[in-house]
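Q: Numbered according to the working numbering, the sequence shown spans residues 94 to 378.
We put the CB at the ideal spot given by N, CA and C, even for glycine.
All figures in this text were calculated on a predicted structure; none of them were measured in a lab.
The structure follows.
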Amino acid sequence: MRLYRSEKLCKARELGFHKKPQLATQMLASIAKAHPRRRICAIADSDYANSAVIKTLPVNVDFIGRSRMDAALYAPPKKRQKGDMGRPRVKGERLPNPAARAQAWKGWKPMTVEVYGRTVDVEVKSFQALWYKVAGGRLLSFVIVRGWPGHKKDDVFFSTDLSVSPEEIIRRYCLRWSIEVTFQEAKGRLGFQDPQNRCERAVQRTAPMALWAYSITVLLYLAERPPIASLPAFPWYRKDAPAFSDMLAAIRRDLWRYRLLDPPHGDRRDQKSVEDLIDAVAYAA
94 MRLYRSEKLC
104 KARELGFHKK
114 PQLATQMLAS
124 IAKAHPRRRI
134 CAIADSDYAN
144 SAVIKTLPVN
154 VDFIGRSRMD
164 AALYAPPKKR
174 QKGDMGRPRV
184 KGERLPNPAA
194 RAQAWKGWKP
204 MTVEVYGRTV
214 DVEVKSFQAL
224 WYKVAGGRLL
234 SFVIVRGWPG
244 HKKDDVFFST
254 DLSVSPEEII
264 RRYCLRWSIE
274 VTFQEAKGRL
284 GFQDPQNRCE
294 RAVQRTAPMA
304 LWAYSITVLL
314 YLAERPPIAS
324 LPAFPWYRKD
334 APAFSDMLAA
344 IRRDLWRYRL
354 LDPPHGDRRD
364 QKSVEDLIDA
374 VAYAA
């Protein structure tokens, strides 16, 4: 995790300013260094699909993200022939951008993919090209998608890993939706939304603590019970998987049962006091 401060605030406090993509590169470098033998796939939206991130990717990190329909694309440079003069070319001929490719009616292929947990039918065009402004001379795989659920316009995604199929690029990109859900739940249920801090260290610790609590809750739930255990069931609605609120409620239920309801062991002097119940209700624990 990294703390982002606005450029105006950094100037006022005489601190070094870092843009969000620069902070992202720091985190990717840390993860890659901690796991040098693992192949890591970073997934992000178009705000991070820029040269600051792509050109500095560690060797064991791949990137999947959203590109631009007007991206300037090029063919790879031709191999240098004997007798050629001058500096070697870094890119080949200019290629049609994704918007121009999408306008051509030929080349679309139907595909069934998993999008945000649903199986949908879309049309795709896939190709490889250089996005020189963003990735330099690194060849990228692009996928243009038509019929994207909830989107009237065509969209385009790319991957630095050339071995990943178009279907897998789409599926992996949709995995980033879990990040949005995590932030929503952390804000609504774990105090991530409006922490009131004044001390510097408190500012740096509050948000990470909320996200760590989120992770601990999920891991504890999965370790203690089957994923679909204790889910609320109604005649008109049944859940296939637990939401974070279900996990939190299950853990709270277990804590209440242990503290208040489970019969005591030992002699009569070990009887549980009603004070615990009063405190729990008073603090809504």
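What separation, rounded to the nearest whole angstrom, lies between the Cα atoms of Asp-163 and Arg-194?
A: Rounded to whole angstroms, Asp-163 to Arg-194 spans 10 Å at the Cα level.
Q: In this structure, what does DSSP give as the bridge partners for Met-204?
A: The partner list for Met-204 (beta bridge, DSSP) reads Val-215.
Q: Taking the CB atoms as reference points, tell me whether Arg-265 and Ile-157 lie closer together than 7 Å.
A: Closer than 7 Å, so yes.
Q: Pro-114 and Tyr-141: beta carbons closer than 7 Å?
A: Yes. Within cutoff.
Q: Restricting to Cα atoms, I'd like to know which of Tyr-167, Ala-306, Phe-276, Met-204 is closest to Leu-188.
A: Per the Cα distances, Tyr-167.
Q: What first and last residue would you give for the alpha helix (DSSP H) that runs through Leu-304?
A: Taken as a continuous stretch (DSSP letters only), the alpha helix (DSSP H) holding Leu-304 covers 293-317.
Q: Would you kindly check if the distance between the Cβ of Ile-237 and the Cβ of Pro-191 is under 7 Å?
A: Contact: yes.
Q: What does the Cβ neighbour count give for Thr-205, buried or exposed, with the cut at 16 atoms within 10 Å?
A: That one is exposed.
Q: Mind reading off the beta-carbon distance from Lys-104 to Ala-165? Whole number of angstroms is fine, and I expect it under 8 Å.
A: Wrong, their Cβ atoms sit about 33 Å apart, outside the cutoff.
Q: For Ile-263, which of Arg-106, Ile-136, Ala-117 has the nearest alpha-carbon?
A: It is Ile-136 whose Cα lies nearest to the Cα of Ile-263.
Q: What beta strand (DSSP E) runs, 3 residues minimum, are completely inside the segment 104-155?
A: As far as the segment 104-155 is concerned, its whole beta strand (DSSP E) runs of at least 3 residues are 133-137.
Q: Tell me whether the beta-carbon of Ala-306 lies closer than 7 Å to the beta-carbon of Leu-341.
A: Not in contact: Ala-306 and Leu-341 (Cβ atoms no closer than 7 Å).
Q: Whose C-beta lies closer than 8 Å to the C-beta of Asn-290 among residues of the same chain, with five residues either side of it excluded?
A: If we look at Asn-290 and ignore the five residues flanking it on each side, its Cβ neighbours are Val-296, Thr-299.
Q: Measuring CA to CA, which of Pro-169, Pro-129, Leu-121 is closest to Ile-147?
A: The option with the nearest alpha carbon to Ile-147 is Leu-121.
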